[in-house]
Structure formats: structure tokens, C-alpha cells
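Structure, as C-alpha cells:
In our numbering, the protein residues as written are 136 to 717.
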């Protein structure tokens, strides 16, 4: 088939026919991607070339091996994804230098240049779908088929994880089953003198994997913007950007570096769904959903997001392929069935299984609030309004948090925060965390006190001054008794014991109010306009036991939840003293 702007892609056409015939179940997000491909087929601006995908498949099946050295037979899903990444093109006008006759002189001409359409491909699919193998095939293909000098990187949360992508390439080099690899690996890497014909041209080295014939290489880089920014990579693969505890948008940094030379770069970002809340990952997913729904056009982005549409579908094995199209080929149904049974017996493992096997984002033992629930509401003040005050005083050398909770007429609650930290503590923060704290300082929700240890009388005086300045009518006060005696004694002395409630930490005390606050948050009844509260709620982790009892986890000391803990104390004080707010 020649280059065509009307043809249906070969492997997509097969896939679409099976979906329409009911042979392959697909989730909503995959169906939206199918709509985007149908739009490419209908558009006269974009062209399909089957030679691009056929060449990729021939290379992989002829030259590559599995990690154990076995032969490769390309999966139908791999063909579908690779076709979407490699086989779409468009034409642009460019000034091209044309050399004169006999190599002398020359001139520029305006010509149409063929360019590959896809710049980024996002693949979100359940665990066991061989995502790393898919990335390996692309890395090897670009390294050895592109005759230009290419710089390629593999990025993953850990270096060991990135090695999983290089593993099949190293095995293929060792086996050298195809004619190209036989030629490239003929000779010895230790042969540094004499004719170049006696030197190996493709080898695994301390740099990564190098093709000495073209000067191309594949390197492993950590998942950090500092380590990848500025790179001019023709191909980059990013593994597990969503499922791990990732805090930096390395995909954006890689794209900005590759854009410098206006080259035909490609970024393959693969991941399973995660249980660890990741602000960067959530933001990227929201952008991808906007693209899928057509809210803005981005034809250069390929998105294959596999998941079950509802948790109720977990009980139907016929629908599991919606979360993993390679089920039964790269992972067995028995493995999925074992995980389903384990999820029923072990609540602590349930959310991890639902996320990583079935693509359903969960909180449970992980983060308590969804990303949408941590977004800021419209800014407002609560001058002269009644409120409940919650305090989490913690240790004197750490965070000291206060949260004000204002009952509103419409059943909602306004929230304001104020926190304290010492100069010594803030000076020891990492640069990234210091930048976050600087934002809190700028909005006025974080106060830095002098010294190494917080002086509680000074903290009390500042809180009282803030209450008087804001004219808050504090009618109830809830506190965690740990390290709180000095502060609470001053408060009772000045305001009396009425409405003062001690909140002992633990599942027995916290389980009910946590559930109530979650319901309020889900129904958008918690109104907060400060980044400090958003940060605290975004980091809140709740541990749930086998009986369904919940309590806040405070294991992650670097990511503060103190203001949410103070909010819970304020809520308990409010609920115990409803008559004070009549």
C-alpha cells in the first residue's frame, strides 16, 4: 500500500472489527482513542504508511528475543500501539538546501517534507501486560535501524527497574539470531587496534548499549528533572511514571529537550495505575482525558488507557481484558483470579490489586482524598463568624498546626489554617520542599519562629493575636494531648473549659470522624482556599484494618498532614458541642 490519507490502518482495522463484533471488550477511554484514530482516517491532512509498521514488526520478530532468549511473535496489542506511534505522517513546508551540479554551489528550495505525526505515546495498562518489553522493542529499533546518530534514554523510578527494559536487548545481542545482529556483533569489543572490521559494532557497555557503527547509544537516567533536562533524545521511554511515588514531570522535561532541534523524536511513557498519590501523575491524566474527550486537539499524542469502567466489573472475568488486552498471553487468568480472591480476604492489599491489575484508582490504605477533593475553592474571609479550632501541636521541633472550621448556613464548612515551624527546621529542608514551604510563607499560612525548638507561649500569643485580628469567634477547641499541656492550660485560663475537647489518637476515636469528613469532602462541603490545607489533605493517608476501622497514618514525616489532623480535632470538638453553635 502506498502512502494514503484515506486508508484504514491495517492493525487498527482488525482491532476495530473485533471490537464492533463484540469479540474484544474495551473501556470508555480506549473507545475515545478509537474515535481519535477514526478522525485521523477521515482527515485529509494526515497520511497512513503501512511500510513503517511492517518494517518495525519484521525487525522485532527477526532480530529481537525475549528476556529468556526465546523467539518473539509480536502481540496484536503491540502491533496496534506501534502502528499508532509509527505509521501516521503529515507534510510541512520547509526550506531545503539543494546542492548544484557536480557538488558546486547550491540554493534553497521550498519543498514539502514528510514528518511522523506521533511525538508522545502514553500507555496505561494493568500489571503483567509486558509494557517493558514493548519499550525494549522501540529502543532497539531506533538504535539499530536509524542511520543517524541517536541519543536515547530509559527513565524509571529506580535504576534496577530501568534495567528491565535493557534486559531483552542485551539478550538479543548475546543470541544474535538475525542477520543484522550477527553482523553488528561479529568481532570483539576488546579489539581496540587494527581494522574496524574486527571490532564489534553493537555491545552492552558501562554507558548502556552502544552502536559504534552510528555512534548511537541508550542510557539509563534517574526519574529526576535535573538528570534529564536539556537532553536532545530521539527516543525516550519512561516507565512507571504514574504508579510510583513520582514528584517531578520528567516527561515534560524530555519533550522540551527533544523539541530544540525540531527532530522527529518519540517519547513512550508506560505505566500501570497506582495507589500512591502523585500530583504530577494526576495532572497528566487529567490532561490526557481532556485530549481523549476532544476538549483540545493534540493529534501528536497517542493515548491507550486501559481500565475497568467500574469496580463491579471485577467479578466478571470476561471484562478483565478491558484492563489488560494481553491477558492470557503475557499473564494468566489464574494470576488475576488469585489476586481477586486475595483482595476479598485482605483489605490492605485490595486497593493495590484494584489499581495495578484493573486500572481502578483507589485510596484505601493509601491516600484518603482524591485529587479533585484537594482542589482549592473560591477565596473568602470569615470575619466575626463562629468556629471550632483544632490543634495538632506535635513535637516542639516540628510542625505546630491549627485549623479553624466555620459552620456555614448551607451545610458547608469554611476552613482556614495557620502553622508554625522553627528557623532551624526550615533551613534543613531539601530545595524542593523548601520551595513548597516558601509558597506557604507567601500566602501567610506558615509562620517561622526563631530558634531550634518552638516556644509554646510564643506560639499561643501569636495564635491569640491572629484570632483577635481576624475577629474569629472560637466556641470549641479540640486538641491532641501529646505535647499540648502548656498551650491548653493557657487557653483554658483565658477562655474557660467549656467546649474544650481532648482527642486521643487511634482508630477508636478517629474512625467515625474520618468517615464523616470524607463524606463532606466528596459532596464539596469543605471549602478551603489555602494551599497549606490542600497540601495536607493531599498527603493524608488512612490505615484501615480488617474490621473497617480507620486512623490517620503519620509515617511519612516529610509530607505534613498536621493541618488535616487539626481539622479532624476541630470537627470532633464541633460535633461534641452542637449547642454552642446554635
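Using N, Cα and C, we set each Cβ at its ideal position, and we do this for glycine too.
Everything numeric in this text was worked out from a predicted model, so none of it was measured.
According to the DSSP secondary-structure assignment, residue 439 is paired through a beta bridge with 258. Of 432, 468, 429 and 405, the smallest CA-CA separation from residue 441 is found for 405. If you draw a straight line from the Cα of residue 293 to the Cα of residue 605, it is about 48 Å long. Distance between residue 596 and residue 673, taken at the CA atoms: about 30 Å. Per DSSP, residue 672 is one residue of the alpha helix (DSSP H) stretching across 666-673. Here DSSP, grouped into helix, strand and coil, assigns residue 493 to helix.
Assignment of beta-bridge partners to residue 146 by DSSP yields no partner.
Considering only 619, 552, 563 and 556, the residue with the shortest C-alpha distance to residue 698 is 552. DSSP, read as helix, strand or coil, puts residue 542 in strand.
Boundaries of the beta strand (DSSP E) around residue 582: 581-584. For residue 635, the pairing in a beta bridge is given by DSSP as 612. Taking residue 243 as the centre and dropping the five residues before and after it, the same chain places the C-beta of 230, 231, 232 and 233 closer than 8 Å to its C-beta, in chain order.
Contact between residue 377 and residue 313 fails: their C-beta atoms lie close to 34 Å from each other, not under 8 Å.
Residue nearest to residue 437 within the set 347, 700, 291 and 251 is 251 (criterion: CA-CA distance). For residue 524, the three-state secondary structure derived from DSSP is strand. A distance of 8 Å or more separates the beta carbons of residue 356 and residue 393. Residues of the same chain with a CB within less than 6 Å of the CB of residue 351, apart from the 5 flanking positions on each side, are 278, 284 and 285 in chain order. As DSSP reads the structure, residue 251 sits in a beta bridge with 224. Around the CB of residue 369, 16 or more other CB atoms lie within 10 Å, so the residue is classed as buried. For residue 243, the beta-bridge partners assigned by DSSP are 232. Residue 310 sits in a helix when the DSSP states are folded into three classes. In the DSSP assignment, residue 177 falls within the unbroken alpha helix (DSSP H) covering 163-177.
Nearest to residue 583 by C-alpha distance, out of 594, 558, 566 and 598, is 558.
Counting every other CB atom within 10 Å of its CB across the protein chains shown gives residue 222 a total of 16 or more, marking it as buried. In the DSSP assignment, residue 318 is bridged to no other residue. In this structure, the straight-line span from the alpha carbon of residue 495 to that of residue 443 is close to 7 Å. DSSP, read as helix, strand or coil, puts residue 663 in strand.
According to the DSSP secondary-structure assignment, residue 537 is paired through a beta bridge with 526 and 553. Rounded to the nearest whole angstrom, the CA to CA distance from residue 611 to residue 622 is 15 Å. A direct Cα-Cα distance of roughly 17 Å separates residue 403 from residue 364.
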